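Per the UniProt record's numbering, the very first residue in the sequence shown carries number 1; after that it's consecutive. First comes the structure, then the notes that go with it.
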Amino acid sequence: MLTVNQTKNTLLDGASIKEEPYTTPQDSEEFFKSLDKPAKEPSKLAPRNTFIRAGVLTTVRGSAYMEYGNTKVLAIVAPPKELIRASARRMNMGVLNCYVNFAAFATGDLDSVPERERHLGSMLTKAMEPVVCRTEFLNFQLDIRVLILDDDGCLLSTAINCCGVALVECGISTYDLITASTACIYRDHVFINPSAKVEELLWKHRGNSNTDSTTTSPSSVQEHGLIITASMDTFEQIAQCQQCGYLSPATYMKLLDYTLAVNKSLRQLIRGVLTKRVKEQHELDLREKAESALEDQRLEEIIEKLKKQGPEEFLQSNIREDPYVKRH
């Protein structure tokens, strides 16, 4: 069996929950009973209702906004900047840094925000490093900044998807499109794209809060855990896989297959968004070229007219009398 130490993990902290939702084991039990429990073997592996928009900010080169259900994330990518003092290790490959910040209204537990931001930033960096062609900007540093506007679960996977779109929008070379999704198991029920409250319920179980009404021996502990998978489908590679909880190898592989299936659906959606964005940019470039050509044509006509008439006659021909002014 795969086990982890019982330490608080940022993946399961329910960052959008304003107050402690489960103060007693009875609260956890009542919430679990009120859930629309999925099947033990889900038949439909699909992402949440998703909205993605690339190029939402005009002041930066690369930006993207994503709504994954009620989880809302904004990602910004700045062009690489040169490192002043590069070590020998950094000379062979560019440096990638990811920074995560919560909006002031996105969380109620302000004391733990800095720790969560650092932890999420570290995991996001590990997920994005295999995707970016860092050998193309030696001695340069690439910064990715993520702003969390709302968190209703699947926070890290949503941030990874949003950053992948922002990288393409910025024109940064990548090996492939990256997609990520989340799945968890609790009391033999598999939750695809769990909400923040389900993640919090899972954390309470991990914290030995006795959410299960039945008493189990250590050898028969129920499986409970969460897995986040970021993948690159073209090469069939996994960029990152985060696992928390108590899972058997068979269950682990099952959840991994579920997340990879959702990733493929997200990949088609992201490809459609990027294709639409390229078409919009192409139409905008054609419109700008047409306007520029029209402006050049007008300028040529003015120059030709100036050559034929001379400066004084040209100025007199362009003076327009005000019809409301009486002549004396």
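We put the CB at the ideal spot given by N, CA and C, even for glycine. All of these numbers come straight from a predicted model, not from anything done at the bench.
Environment of alanine 250 [buried if 16+ CB atoms lie within 10 Å]
Here alanine 250 is exposed, its C-beta having fewer than 16 other C-beta atoms within 10 Å.
Please report the straight-line C-alpha distance between glutamate 312 and glutamate 300, rounded to a whole angstrom.
The alpha-carbon atoms of glutamate 312 and glutamate 300 are separated by roughly 19 Å.
Would the beta-carbon of methionine 66 be found less than 7 Å away from any heavy atom of the ligand SAH?
Ligands in the displayed structure: none, and consequently the ligand SAH is not present.
Along the chain, where does the beta strand (DSSP E) containing threonine 50 start, and where does it finish?
For threonine 50, the enclosing beta strand (DSSP E) starts and ends at 50–54.
Nearest candidate by alpha-carbon position, reference aspartate 150, set Ala104, Val190, His119:
Of the candidates Ala104, Val190, His119, the one whose C-alpha sits nearest the C-alpha of aspartate 150 is Ala104.
Of all the options Ala183, Ile185, Val165, which has the alpha carbon lying nearest to the alpha carbon of leucine 177?
The shortest Cα separation from leucine 177 among Ala183, Ile185, Val165 belongs to Val165.
Can you tell me the Cα-Cα spacing of valine 198 and leucine 156, whole angstroms?
Our two residues, valine 198 and leucine 156, have alpha carbons roughly 15 Å apart in a direct line.
Just the C-alpha distance for glutamate 288 and glutamate 280, rounded to the nearest angstrom, thanks.
Glutamate 280 has its alpha-carbon roughly 12 Å from the corresponding atom of glutamate 288.
Quick check on the burial criterion: 16 or more other C-beta atoms within 10 angstroms. Buried or exposed for aspartate 152?
Buried: at least 16 other Cβ atoms inside 10 Å.
Can you give the Cα-Cα distance for serine 231 and alanine 183, rounded to whole angstroms?
Looking at the two C-alpha atoms, the distance is approximately 14 Å.
State the CB to CB distance for the pair residue 377 and alanine 180, rounded to an integer number of angstroms; the pair is presumed to be in contact (CB under 8 Å).
Outside the displayed range of the chain (1 to 328) lies residue 377, so it cannot be described from this structure.
The beta strand (DSSP E) that contains alanine 230, what's its start and end?
Its beta strand (DSSP E) spans residues 224–232.
Check for me: the alpha helix (DSSP H) holding arginine 134 runs from which residue to which?
No alpha helix (DSSP H) holds arginine 134; DSSP gives it neither H nor E.
Since valine 73 and alanine 196 are thought to touch, with beta carbons under 8 Å apart, how far apart are those beta carbons, to the nearest angstrom?
That pair is no contact at about 14 Å.
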